[in-house]
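Residue numbers (our numbering), protein chains in the order written: chain A, 5 to 249; chain B, 2 to 117.
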């Protein structure tokens, strides 16, 4: 979990007119709070039980971020965000179940964007609108995720499921979450949130493995593979997809 | 947006969706969509009309007679680069919700994460 890293960045940049705001996309606030308390944040630490930031900004996986300038204008749309390097070379421990080994292997293919992404933030902080990483309003809208009728309908189904999960119970939510998954299969927040709830024992921390269930057609490992593998799991910022000269 | 009936106060609608009811229509940032039938005369909006004009899907649960109005399906997840005034609970301040507008004048990195 990267909250301590984002808190450190906030502390580093606060005096330069920059605020980090983190938002937990968690239906159950009590799942998010232990992580927040452990990070002792001084930055605003929001809890988004209905995933409204998915609708308002396009967060369809985590971690993702948007950049907003001093006038309240977005200068980068929702895209994968990381500021820390990951250790992807450590050997996978022996004796793990085969499926877990495969899952770790797929997760390690997720591109490590930490160094370049942090560098881009620092360039924006130093140069503002002149930064090559700050997009124009038209570019931001154009670069934001496509949202067609099905994507919008998926969001409505997800939120109705979230509301019913809280007010009625899981059985009432499942049909709407299944619909959301079918309507917008590229949205990982709808899927991971529902899978986690399905497989996490009561009172336990969230289930990161998200294995197959009888309730949902998908699961983390098979869906990541179907989407092209860990390499394609994130929305890479466009500046990372261009060839470096 | 969760609804128990097919009208909503314009203020609540703006807080949740970023779309404001103005004389020229429903507006988000610099984008306005004419919607003369949407505004009711008591500061409320007709959801059926809003849904039609902004391509917002309306999903209904018959068991509880509850509606969910989805976001605008106008082509992109961002209709405008003007950030909506996000309002959410802040775990650092249980008494006061966070308003994105409170950080006007600063650069903001809004970062999504989850426990899962």
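Note that beta-carbon positions come from the ideal geometry of N, C-alpha and C, so glycine has one too. In this text the structure is predicted, and so the values were computed from the model without any measurement.
Checklist entry - Can you give the beta carbon distance from residue 111 of chain B to residue 70 of chain A, rounded, assuming they're within the 8 Å contact cut? => result As a working note, residue 111 of chain B is residue 110 in the second chain. As a working note, residue 70 of chain A is residue 66 in the first chain. Confirmed, Cβ separation roughly 5 Å.
Item to check | Paired residues, beta bridge with residue 215 of chain A - DSSP | outcome: Sequence index remark: in the first chain, residue 215 of chain A carries index 211 (1-based). Beta-bridge pairing links residue 215 of chain A to no other residue.
Checklist entry - What whole-angstrom Cβ distance do residue 149 of chain A and residue 62 of chain A have, given they're in contact under 8 Å? => result Taking the first chain and counting its residues from 1, one reaches residue 149 of chain A at position 145. Taking the first chain and counting its residues from 1, one reaches residue 62 of chain A at position 58. Contact flag correct, Cβ pair sits at about 5 Å.
Item to check | Exposed unless 16 or more other CB atoms sit within 10 angstroms - verdict on residue 214 of chain A | outcome: Along the first chain, read from residue 1 onward, the residue named residue 214 of chain A stands at position 210. Per the 10 Å Cβ criterion, buried.
Item to check | Beta-bridge partners of residue 229 of chain A, as assigned by DSSP | outcome: Counting from 1 along the first chain, the entry for residue 229 of chain A is found at position 225. For residue 229 of chain A, which the question treats as bridged, DSSP gives no partner whatsoever.
Checklist entry - Would you say the region 48-67 of chain A touches the region 186-199 of chain A, given that touching needs at least three Cβ pairs under 8 Å? => result yes
Item to check | Short CB-CB distance (under 8 Å) between residue 81 of chain B and chain A | outcome: Start at 1 with the first residue of the second chain, and residue 81 of chain B comes out as number 80. Output row for residue 81 of chain B: interface = yes.
Checklist entry - How big is the Cα-Cα spacing for residue 247 of chain A and residue 125 of chain A? => result Reading the first chain from its first residue, position 243 is the one you call residue 247 of chain A. Reading the first chain from its first residue, position 121 is the one you call residue 125 of chain A. Because residue 247 of chain A sits at a pLDDT of 47, beneath the cut-off of 50, its placement in the model cannot be relied upon, and the following sentence gives the value as read from the coordinates. About 19 Å.
Checklist entry - Is residue 100 of chain A buried or exposed, if buried means 16 or more other CB atoms sit within 10 Å of its CB? => result To locate residue 100 of chain A, count along the first chain from 1; it is residue 96. With fewer than 16 other Cβ atoms within 10 Å, it is exposed.
Item to check | Neighbour flag for residue 51 of chain B against chain A, beta carbons, 8 Å | outcome: Position 50 of the second chain holds residue 51 of chain B. Answer no: the Cβ-Cβ gap between residue 51 of chain B and chain A never drops below 8 Å.
Checklist entry - So the alpha helix (DSSP H) residue 104 of chain A belongs to, where does it begin and stop? => result What you label residue 104 of chain A is simply residue 100 of the first chain in a count that begins at 1. Start and end: 102-112.
Item to check | For residue 31 of chain A, three-class secondary structure by DSSP | outcome: Counted from its first residue, the first chain places residue 31 of chain A at position 27. Of the three classes helix, strand and coil, the one that applies to residue 31 of chain A here is coil, per DSSP.
Checklist entry - Do the CB positions of residue 70 of chain B and residue 27 of chain B come within less than 8 Å of each other? => result Mapped onto the second chain, residue 70 of chain B falls at position 69. Mapped onto the second chain, residue 27 of chain B falls at position 26. Not in contact: residue 70 of chain B and residue 27 of chain B (Cβ atoms no closer than 8 Å).
Next on the checklist: If we define contact as Cβ-Cβ less than 8 Å, is residue 99 of chain B a contact residue for chain A?
Outcome noted: Indexing the second chain from 1 puts residue 99 of chain B at position 98. Taking Cβ atoms only, chain A reaches closer than 8 Å to residue 99 of chain B, which makes this a yes.
Checklist entry - Can you list, in chain order, the residues of its chain whose CB lies under 8 Å from that of residue 104 of chain A, leaving out five sequence neighbours each side? => result For the purposes of this step, residue 104 of chain A is taken as residue 100 along the first chain, with counting starting at 1. If we look at residue 104 of chain A and ignore the five residues flanking it on each side, its Cβ neighbours are 213.
Item to check | Alpha-carbon to alpha-carbon, residue 151 of chain A and residue 76 of chain B | outcome: Residue numbering aside, residue 76 of chain B sits at position 75 when the second chain is read from its first letter. Residue numbering aside, residue 151 of chain A sits at position 147 when the first chain is read from its first letter. Distance between the alpha carbons of residue 76 of chain B and residue 151 of chain A is about 5 Å.
Next on the checklist: If distances are taken between C-alpha atoms only, which option among A:161, A:129, A:35 comes closest to residue 73 of chain A?
Outcome noted: Here residue 73 of chain A refers to the residue found at position 69 when the first chain is read from its first residue. Taking only the C-alpha atoms, the option nearest residue 73 of chain A is A:129.
Checklist entry - Quick one: does residue 84 of chain A have its CB under 8 Å from some CB of chain B? => result In the first chain, counting from the first residue as 1, residue 84 of chain A sits at position 80. No, residue 84 of chain A does not count as interfacial toward chain B.
Next on the checklist: Three or more C-beta pairs under 8 Å: does that hold for the region 95-114 of chain B against the region 28-35 of chain B?
Outcome noted: no
Checklist entry - At which residues does the alpha helix (DSSP H) containing residue 122 of chain A begin and terminate? => result As a working note, residue 122 of chain A is residue 118 in the first chain. Residue 122 of chain A -> alpha helix (DSSP H) spans 118-131.
Checklist entry - Using the beta-carbon of each residue, which ones in chain B are nearer than 9 Å to residue 196 of chain A? => result Along the first chain, one-based indexing puts residue 196 of chain A at 192. Ordered by position in chain B, the residues that pass the 9 Å Cβ test against residue 196 of chain A are 115, 117.
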